[in-house]
Amino acid sequence: MFARVGTAALAASQIVGTLEGIFIVGSFGLMSAATVFTSRALGAGDAAGARLWLGRIGRAGLLTGASFGLLFALSALLVPPLFPRVGAEVHHIALVGVLISAVTQVAKVRNMIIGGGVLPGAADGRGVILGDVVGAFVVGLPLAIWLGLFTPLGVWGVFLGRSAEELVKVAIFEWRLRRVNWERLAQEQMGKEAVAAH
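To convert, note that position 125 of the sequence shown is 218 in my numbering; the numbers rise steadily by one, no gaps.
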């Protein structure tokens with residue numbers, strides 16, 4: 094999509110993606126932590142413990158997502174000195190692109206925790222697929238195409254489409270999370286552990 098808008102948009106998107114990758118790494122481990130700690134609690138038959146870990150990891154995600162999102166936004170100031178040869182137009186697109194992307198950093202981290210960590214551990218692969226497919230192919234991509242190619246927004250529309258994808262995914266993942274029956278899962282997992290022990 095960025096290439097269709099123009100070479101400056103493509104170059105700027107690469108800069109934004111590079112900077113975003115640096116700051117999202119600070120929250121990446123929370124996805125594995127969510128899987129490990131909630132699954133361990135469920136395996137012990139402790140539904141309340143699984144919910145407790147989910148709350149703790151969710152709060153850590155909010156903190157890291159907001160903190161690293163702020164640092165990501167501030168990194169927009171470093172675009173000209175870090176990439177001096179790309180020109181003023183690319184600098185401008187990258188600066189605004191960083192700011193748009195930084196706004197959804199908290200949602201992106203939440204998506205990693207729920208969609209990448211909790212829902213697979215709660216045996217809700219369907220919820221993960223639903224969030225990913227609807228977020229990307231029903232909302233994000235069509236919106237990026239429409240806003241980027243058929244409105245005056247141009248490159249900003251593509252960035253907004255990407256951000257909309259994350260917001261839709263977090264809404265779907267939160268909905269699926271509310272449907273999880275922790276008590277039933279804990280009983281099932283404890284039963285499997287007992288069978289495996291014998």
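Yeah, the Cβ is synthetic: ideal placement off N, Cα and C, and Gly gets one too.
- R203 sits in a helix when the DSSP states are folded into three classes.
- At a cut-off of 4 residues, the continuous stretches assigned as alpha helix (DSSP H) that sit fully inside the region 154–222 are 172–175, 181–196 and 198–204.
- Between the alpha carbons of L223 and L212 lies a gap of roughly 11 angstroms.
- Boundaries of the alpha helix (DSSP H) around P235: L234 to F243.
- Taking K201 as the centre and dropping the five residues before and after it, the same chain places the C-beta of E259 closer than 6 angstroms to its C-beta, in chain order.
- In the three-state reduction of the DSSP assignment, G99 falls in the coil class.
- Taking 9 angstroms as the cut-off, the beta carbon of G162 is found closer than this to the beta carbon of A195.
- Scanning the region 101–132 for uninterrupted beta strand (DSSP E) segments of 3 residues or longer gives nothing; none is fully contained.
- Contact between the region 166–185 and the region 130–139 is absent: fewer than 3 CB-CB pairs across the two stretches fall below 8 angstroms.
- Proximity to R178 across V263, M205, V261 and A104 peaks at A104, based on C-alpha coordinates.
- Under the DSSP assignment, R272 falls outside any alpha helix (DSSP H); it carries neither an H nor an E label.
- By the Cβ-count criterion, F230 is exposed, with fewer than 16 other Cβ atoms from all chains shown falling within 10 Å of its own Cβ.
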